[in-house]
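Residue numbers (the working numbering): 263 to 559.
Cβ coordinates follow ideal geometry from the N, Cα and C atoms, glycine included.
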């Protein structure tokens, strides 16, 4: 039978250090969410209703805000839990508040097109509520490690958006440049995430079992996977708003970007998990591993 790890707060509000780390994660997630919403609004701000080009742009740029909403929902739920203790309503309230505020922000940008605003707002609300479920597990230190690792993923997302246009000169076609970033960046991100979660948990909670390392390392990939699926659903709903449907080129572009996002999420999930497992098996002394296993029964 699995019992709580020693030193893990489960029934009382967290220490000042735990609350401070949770607050830092929450502020980073809120900042990322606000930045993605502002970027989406600035790129797609139009005087009237969105035309086909605008809808395609919205559908192709939904992953950053859905990813941010999922992360922010989890981080806000964790903050409320660390601050007030594991009250049943604190976690869903965190996700609900993030989703509602995101919906309000979306309506501020797409007031001229309420149907589009409703679709995107509902999508972000759903992602935030699903994200809050990551704050439910018993051991808060593992959740903090997982959400800090998600911050590492966001750094790689920013680097991808900043560096990808600068590398187009090295490829004959823009699609080859896109494919290279979509293939290799998740591998590097997963490797860094696996190492980061291992180091954090070894410093903060040395009695963590293998399952704890796996949970923390897999969470960023799972959050990205949720965002990728939500983006596909949102894209389908947005495309249905076009009376004549998409032209073949736009349809192929959306399909390609969706496939790369899904593959990237799965790569981060797999690479991060395997890296954490290898670090656990190779770097933790055998005597320490046996002691941890015995403490878990």
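#1: Does DSSP put residue 354 in a helix, a strand or coil?
#2: Select from 416, 470, 434 and 363 the residue whose C-alpha is nearest the C-alpha of residue 542.
#3: Among the residues of its own chain, which have a CB less than 6 Å from the CB of residue 368, if the five just before and after it don't count?
#4: Less than 6 Å between C-beta atoms, sequence neighbours within five positions excluded: which residues of the same chain meet that for residue 448?
#5: If you reduce the DSSP assignment to three classes, tell me which class residue 313 lands in.
#6: Please return the same chain residues whose Cβ sits closer than 7 Å to the Cβ of residue 522, not counting the five positions on each side in sequence.
#7: Using only the alpha-carbon positions, how far apart do residue 333 and residue 291 sit?
#8: Mind checking residue 327: buried by the 16 CB within 10 Å criterion, or exposed?
#9: Considering only residues of the same chain and omitting the five flanking positions on each side of residue 414, which have a CB-CB separation below 8 Å?
#10: Give the single residue among 402, 519, 388 and 545 whose Cα lies nearest to the Cα of residue 442.
#11: Indicate whether the contact test is met: 3 or more Cβ pairs, each with one atom in the segment 491-499 and one in the segment 314-324, closer than 8 Å.
#12: From residue 336 to residue 285, what distance separates their C-alpha atoms?
#13: Considering only their Cβ atoms, is the gap separating residue 390 from residue 361 smaller than 8 Å?
#14: With distances taken between CB atoms, is the gap from residue 340 to residue 287 smaller than 8 Å?
#15: Please state the DSSP three-state secondary structure of residue 209.
#16: What residue ranges within the segment 466-505 form continuous alpha helix (DSSP H) runs of no fewer than 4 residues, ordered along the chain?
#17: Report the rounded CA-to-CA distance for residue 464 versus residue 538, giving the unit in angstroms.
#18: How about residue 316 and residue 338: are their beta carbons less than 8 Å apart?
#19: To the nearest angstrom, how far is it from the Cα of residue 502 to the Cα of residue 392?
#20: Given a threshold of 16 other Cβ atoms within 10 Å of its Cβ, counted over all protein chains shown, does residue 424 qualify as buried or as exposed?
#21: In whole angstroms, give me the CA-to-CA distance for residue 479 and residue 460.
#22: Hey, quick one: how far does the alpha helix (DSSP H) through residue 230 stretch, first residue to last?
#23: On the premise that residue 299 lies in contact with residue 364, defined as a C-beta separation below 8 Å, what is that separation, rounded to the nearest angstrom?
#24: Give me the Cα-Cα distance between residue 303 and residue 370, rounded to the nearest whole angstrom.
#25: Buried or exposed: where does residue 410 fall if 16 or more other Cβ atoms within 10 Å of its Cβ makes it buried?
#26: At which residues does the alpha helix (DSSP H) containing residue 537 begin and terminate?
Answer, in terms of the structure:
#1: Here residue 354 refers to the residue found at position 92 of the chain shown. Residue 354: helix per DSSP, three-state reduction.
#2: Numbered from its first residue, the chain shown carries residue 542 at position 280. Out of 416, 470, 434 and 363, 470 has the C-alpha closest to the C-alpha of residue 542.
#3: Sequence index remark: in the chain shown, residue 368 carries index 106 (1-based). Result list for residue 368: 379, 382 and 383, in chain order.
#4: Against the chain shown, residue 448 aligns to sequence position 186. Around residue 448: 526, 529 and 530.
#5: Reading the chain shown from its first residue, position 51 is the one you call residue 313. Residue 313: coil per DSSP, three-state reduction.
#6: Numbered from 1 along the chain shown, position 260 holds the residue referred to as residue 522. Counting only Cβ-Cβ distances below 7 Å, and skipping sequence neighbours, we find 444.
#7: Position 71 of the chain shown, counted from the start, is the residue given in the question as residue 333. Position 29 of the chain shown, counted from the start, is the residue given in the question as residue 291. Computed Cα separation, rounded: 6 Å.
#8: One-based indexing of the chain shown puts residue 327 at position 65. Residue 327 is buried by the Cβ-count criterion.
#9: Here residue 414 refers to the residue found at position 152 when the chain shown is read from its first residue. The answer, listed in chain order, is 451, 454, 455, 458 and 482.
#10: Position 180 of the chain shown, counted from the first residue, corresponds to residue 442. Answer by Cα proximity: 519.
#11: yes
#12: Locating residue 336 in the chain shown gives position 74, counting from the first residue. Locating residue 285 in the chain shown gives position 23, counting from the first residue. For residue 336 and residue 285, the distance between alpha carbons rounds to 12 Å.
#13: In the chain shown, the residue the question calls residue 361 occupies position 99. In the chain shown, the residue the question calls residue 390 occupies position 128. It is a contact, given that the beta carbons lie within the stated cut-off.
#14: In the chain shown, counting from the first residue as 1, residue 340 sits at position 78. In the chain shown, counting from the first residue as 1, residue 287 sits at position 25. In contact: residue 340 and residue 287 (Cβ atoms closer than 8 Å).
#15: Look at the range of the chain in this structure, 263 to 559, and you will see that residue 209 is not part of it.
#16: 472-501
#17: The residue labelled residue 464 in the question sits at position 202 within the chain shown. The residue labelled residue 538 in the question sits at position 276 within the chain shown. Between residue 464 and residue 538, the C-alpha separation is close to 11 Å.
#18: Indexing the chain shown from 1 puts residue 316 at position 54. Indexing the chain shown from 1 puts residue 338 at position 76. It is not a contact, given that the beta carbons lie outside the stated cut-off.
#19: To locate residue 502, count along the chain shown from 1; it is residue 240. To locate residue 392, count along the chain shown from 1; it is residue 130. So the alpha carbons of these two residues sit roughly 25 Å apart.
#20: Taking the first residue of the chain shown as position 1, residue 424 is located at position 162. Residue 424 comes out exposed.
#21: On the chain shown, position 217 is the one that residue 479 refers to. On the chain shown, position 198 is the one that residue 460 refers to. Whole-angstrom Cα-Cα distance: 8 Å.
#22: Beyond the ends of the chain as shown, which are 263 and 559, falls residue 230; an answer cannot be given.
#23: For the purposes of this step, residue 364 is identified with residue 102 of the chain shown, where counting begins at 1. For the purposes of this step, residue 299 is identified with residue 37 of the chain shown, where counting begins at 1. Indeed they touch by this definition, with Cβ atoms about 7 Å apart.
#24: As a first step, residue 303 must be located in the chain shown, where it is residue number 41. As a first step, residue 370 must be located in the chain shown, where it is residue number 108. When rounded, the distance between both Cα atoms is 9 Å.
#25: Taking the chain shown and counting its residues from 1, one reaches residue 410 at position 148. Its Cβ being crowded by 16 or more others within 10 Å, residue 410 is buried.
#26: Here residue 537 is taken as the residue at index 275 of the chain shown, counted from 1. Element bounds for residue 537: 510-545.
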